[in-house]
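Student: Those letters in the sequence shown? Residues 16 to 449, by our numbering. Sharing a structure below in structure tokens format, with a few things to ask.
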Amino acid sequence: MNGVVVSIRDLIVRVQFDEDAPRVGELLVVENGLQTLLLVDHLEPNGIALCLNIRTVRQVQKGMTVKRTKRGIEIPVGEKVIGRIFDAMGAPMDDLPPVSGDDVEYKEIMHIPGRTTNFTMAKPEILETGIKVIDFFTPFVKGRKIGIIGGAGVGKTVLTMELINNIAQSGGGLSFFAGIGERIREGHELYQTLKENDLLKNTCMFFGQMNENPIQRALIAIAAVAEAEYFRDERNKDILFFADNMYRYVQAKNELATILDQVPSEGGYEATVFSDIKVLQDRLSSNEKGSITSVQTIYVPADDLSDPAVQMIQHELDSIVVLSRKVAEQGIRPAVDLTKTTSSLLTPEIVGDRHYVLSVQVQALLQKYESLKSIIAIIGENELSAVDRADYAKAKKLIANFTQNMHVMEKHNGVPGEFSTREQTLQSIEEIVA
16 MNGVVVSIRD LIVRVQFDED APRVGELLVV ENGLQTLLLV DHLEPNGIAL
66 CLNIRTVRQV QKGMTVKRTK RGIEIPVGEK VIGRIFDAMG APMDDLPPVS
116 GDDVEYKEIM HIPGRTTNFT MAKPEILETG IKVIDFFTPF VKGRKIGIIG
166 GAGVGKTVLT MELINNIAQS GGGLSFFAGI GERIREGHEL YQTLKENDLL
216 KNTCMFFGQM NENPIQRALI AIAAVAEAEY FRDERNKDIL FFADNMYRYV
266 QAKNELATIL DQVPSEGGYE ATVFSDIKVL QDRLSSNEKG SITSVQTIYV
316 PADDLSDPAV QMIQHELDSI VVLSRKVAEQ GIRPAVDLTK TTSSLLTPEI
366 VGDRHYVLSV QVQALLQKYE SLKSIIAIIG ENELSAVDRA DYAKAKKLIA
416 NFTQNMHVME KHNGVPGEFS TREQTLQSIE EIVA
């Protein structure tokens, strides 16, 4: 039984079904000669399906016939998607032909795989990133989540691209990149960088950029996660999942909630913000078939770390790298706030006693440095005791030691990038602390 369009308001299309109503998450097709796709958001009384106009097609009119497809959004999965860029609907964005053929499988992006109960975590495996500040303060452990948090323009994307560059090159694993509501330029630059470094052969990319409507920006994260789940569960792969930017996913859902006239909750966010984040983060998990290690950037609106959405995303992460505008203004790169950067994985069981003891000593020195800074501003460094002066000098050396040139910035500033092994990082810190 077909439906009929009864009202249109911007991206919201209401479709009347007298019988055989569609399910939530199903795709409908408008018979307007363009086969416009609508996504069922929810069902209202009297057989009305409230739908979202995914591609912002304006040639939809009241009274048009709408057909059910009896399926949700399906994207191609398998070997043919590696090295390609897709949008939220699984359509290519790299000017290459669509993924097709009898051997191509499809996966519905809204379908959440069943939970496993017989999964035991393997011994923690530390992945070397070559970035001193990350390897030391927020060890990169396989199957866990790391967040890079900061306001606009403090270097979140650069740090992510450096991680992709360093980890993917030591490679073997499969990398995923989800560009959620970010700048078009950044997506283009990342694609070119991966192409030049011959890393596209084990990377799969999904983009829903700033110019897209909120429906596509919200769906892009789900599509990328669904693809990663397929490779983890069906191909037993270990996945490296990069998401830039997780806050934009919340923003897109927020815009949708506004269009749908939903009453906002805490901080002006959509009512289901917490469950939306939770469901997405839970899908980025590991099981006995494979692991998903994720790196997520989180934009901080107005540099306010206490923002409810930022706090909510933070709760889902194992490690948090905080980028600070104050640090960036001092010319330190990466602009990491060493006192706010934390990790639940910095334990003797995971990193070993040597690394753990060093981290405690370094944190103590940095805390002391922060408290001495305000005293020095008033009375000067010479008035400090000999012990305080020595500790202050050590802390300054440590901060300088964590400054590092990035490989991905080499073509912009002409300064060669640096790669520091974990052993080199620990040695350099031991020399300063001792």
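Where is the CB? At the ideal position from N, CA and C, for every residue including glycine. This one's a predicted model, so the numbers in the text were calculated from it and none came from an experiment.
Between which residues of its own chain and Gly105 is the CB-CB distance below 6 Å, once the five residues before and five after are set aside?
Tutor: These residues qualify, in order along the chain: Ile90, Pro91.
Student: Going by other Cβ atoms of all chains shown within 10 Å of its Cβ, with 16 needed for buried, is Glu425 buried or exposed?
Tutor: exposed
Student: Does DSSP put Lys355 in a helix, in a strand, or in coil?
Tutor: coil
Student: Do you know whose CA, among Gly168, Asp150, Leu299, lies nearest Leu360's CA?
Tutor: It is Asp150 whose Cα lies nearest to the Cα of Leu360.
Student: Please name the residue in Ala236, Met125, Pro37 whose C-alpha comes closest to that of Phe101.
Tutor: Ala236
Student: Excluding the five sequence neighbours on either side, which residues of its own chain have a C-beta within less than 6 Å of the C-beta of Phe192, listed in chain order?
Tutor: Met220, Phe257
Student: What's the gap between the Cα of Val281 and the Cα of Pro323?
Tutor: Going by the sequence as given, residue 281 is Glu instead of Val. Between Glu281 and Pro323, the C-alpha separation is close to 7 Å.
Student: Given this structure, state the Cα-to-Cα distance separating Asp25 from Gln76, to the nearest angstrom.
Tutor: In a straight line, the C-alpha of Asp25 is about 12 Å away from that of Gln76.
Student: Starting from the Cα of Tyr314, find the closest Cα among Glu59, Gly18, Val169 and give me that residue.
Tutor: The shortest CA-to-CA distance from Tyr314 to any of Glu59, Gly18, Val169 is the one to Val169.
Student: CB-CB under 8 Å to Ala109, same chain, minus the five flanking residues each way: which ones, in chain order?
Tutor: Sequence inspection shows Asp at residue 109; the Ala mentioned does not correspond to that position. If we look at Asp109 and ignore the five residues flanking it on each side, its Cβ neighbours are Arg99, Ile100, Tyr206.
Student: What is the residue span of the beta strand (DSSP E) that Tyr206 lies within?
Tutor: It is not in any beta strand (DSSP E) - Tyr206 instead sits in the alpha helix (DSSP H) that spans 199 to 211.
Student: Going by beta-carbon coordinates alone, are Ile195 and Asp259 separated by less than 8 Å?
Tutor: Result yes, Cβ atoms of Ile195 and Asp259 sit closer than 8 Å.
Student: To the nearest angstrom, how far is the alpha carbon of Asp403 from that of Ile447?
Tutor: 15 Å
Student: Figure out for me which residue from Val20, Asn212, Gly62 has the closest Cα to the Cα of Asn68.
Tutor: Val20
Student: Using a Cβ-Cβ cutoff of less than 7 Å, which residues in the same chain neighbour Thr71 once the five nearest sequence positions on both sides are dropped?
Tutor: Leu26, Asn228
Student: In chain order, which beta strand (DSSP E) runs of at least 3 residues are fully inside the stretch 113 to 143?
Tutor: Within the stretch 113 to 143, the complete beta strand (DSSP E) runs of at least 3 residues are 120 to 123.
Student: Compare the Cα-Cα distances from Ser300 to each of Asp248, Glu344, Leu65 and report the closest residue.
Tutor: Ranked by Cα distance from Ser300, the first of Asp248, Glu344, Leu65 is Asp248.
Student: Is DSSP giving Asp322 helix, strand or coil here?
Tutor: coil
Student: Are Gly429 and His422 close, meaning C-beta to C-beta below 8 Å?
Tutor: no
Student: When we look at the beta-carbon of Gln419 and count the other beta-carbons within 10 Å, is it buried (16 or more) or exposed?
Tutor: buried
Student: Determine the direct distance from the alpha carbon of Ala408 to that of Phe246, and round the result to whole angstroms.
Tutor: Each residue's alpha carbon lies about 49 Å from the other.
Student: Select from Pro316, Val240, Lys216 the residue whose C-alpha is nearest the C-alpha of Tyr262.
Tutor: Pro316
Student: With respect to the beta strand (DSSP E) encompassing His57, which residues constitute its N-terminal and C-terminal limits?
Tutor: 51 to 59
Student: Looking at the secondary structure, which residues open and close the beta strand (DSSP E) in which Ser300 lies?
Tutor: First-last for Ser300: undefined, no H or E at that position.
Student: With burial defined as no fewer than 16 other Cβ atoms inside 10 Å of the residue's Cβ, what is the status of Ala167: buried or exposed?
Tutor: exposed
Student: Under 8 Å between the Cβ atoms of Lys138 and Ser306?
Tutor: no
Student: For the stretch 362 to 371 and the stretch 334 to 344, state whether three or more C-beta atom pairs, one from each stretch, are separated by less than 8 Å.
Tutor: Touching, no.
Student: Does the beta-carbon of Arg348 have 16 or more other beta-carbons within 10 angstroms, so that it is buried, or is it exposed?
Tutor: buried
Student: Return the CA-CA distance between Ile63 and Leu52, expressed in angstroms with no decimal places.
Tutor: 17 Å
Student: Tell me which residues share the same chain as Glu285 and place their Cβ nearer than 7 Å to its Cβ, disregarding the 5 neighbours each side in the sequence.
Tutor: Close CB contacts of Glu285 within its chain, under the 7 Å cut and outside five residues either way in sequence, are with Lys268, Asn269, Ala272, Gln277, Pro279 (chain order).
Student: So for Asp110, helix, strand or coil by DSSP?
Tutor: coil
Student: Since Glu123 contacts Gly93 with CB under 8 Å, what's their CB separation in whole angstroms?
Tutor: With 8 Å as the limit, Glu123 and Gly93 do not qualify as a contact, their Cβ atoms being about 15 Å apart.
Student: Could you tell me the distance, in whole angstroms, from the CA atom of Val119 to the CA atom of Pro113?
Tutor: Linking Val119 to Pro113 through their CA atoms gives a straight-line distance of about 11 Å.
Student: Mapping DSSP to helix, strand and coil, what is Phe434?
Tutor: coil
Student: Are Lys171 and Ile179 touching if we call contact CB-CB under 8 Å?
Tutor: No.
Student: Output the distance between the C-alpha atoms of Ala410 and Gly395, rounded to the nearest integer angstrom.
Tutor: 17 Å
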